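Working notes, structure below.
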Amino acid sequence: MSSLVVSSEPAVEPVTLTEAKLFARIDTSDDDALISALITTARARSEMYTGRTWVHTIFDYYMDAQELASLNSGPIVLPTCPLKTSSVTVKYYDYDGTENTFPASNYWVDLYSVPARLCLMLGQSYPSAIRENNGLKVTFTAGYSADATSVPEAAKTAIKIMVADMYEHREDDAIDKAVTSIPTSAKMVLYPLKVRRFW
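Position one of the sequence shown corresponds to residue 716 (my numbering), numbered consecutively onward.
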């Protein structure tokens, strides 16, 4: 079983408070804290829906020994994109929990695939004497840029749609639904950005 953990959150959100309020036609500043929280929620939901990361975020991707062995030296598909070039490090843990570095000379990163893949060099293999759970850790940075300048406009628009929708439906029963779902109009905007997986 694999797990993706955020090691370092993005420094900024793809959409500013001012942009979200302008889109939703909100004139008051009374709910600024709420709207900021909704922006973060909308960003996370849009990233989950598309399989992409908007602003540079550092991730730790853990894999169990059995899952790694099942790859049979095949590539490790990193679960979000786009990948920041040369941002990948690989660690593995002995049975006693000792952390070791998997040399960068043993693998290369396929940035042409979407999402990116970590591929072994010819003749190399993944470490085998590792602990059963979370035995391998791939640390990488994903996102279009460190700020919002390179984030696709479609993603920004979808986030603003989601924020406006959640703000409008703030009742307890409605907010639960809004947080766990994406408005159809936002899905339509995001759909071309969805990562297609063929494996």
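Quick reminder that beta carbons are idealized off the backbone N, C-alpha and C, glycines included. Bear in mind that the values here come from a model prediction, so they are computed numbers and not experimental data.
Straight across, the Cα-Cα distance linking Ala-870 with Pro-842 is about 38 Å. For Ala-831, the closest alpha carbon among the candidates Ala-819, Thr-800, Gly-850 is that of Thr-800.
Counting along the chain, the unbroken alpha helix (DSSP H) around Phe-738 starts and ends at 732-739.
Under the three-state reduction of DSSP output, Val-803 falls in the coil class, being neither helix nor strand.
The alpha-carbon of Ser-840 is positioned some 42 Å away from that of Val-730.
Collapsing the DSSP output to three states places Asn-848 in coil. The closest CA to that of Thr-755, considering only Val-878, Arg-740, Ile-741, is found on Val-878. From the listed residues Leu-837, Val-829, Ile-845, Leu-798, the smallest Cα separation to Thr-816 is found for Ile-845.
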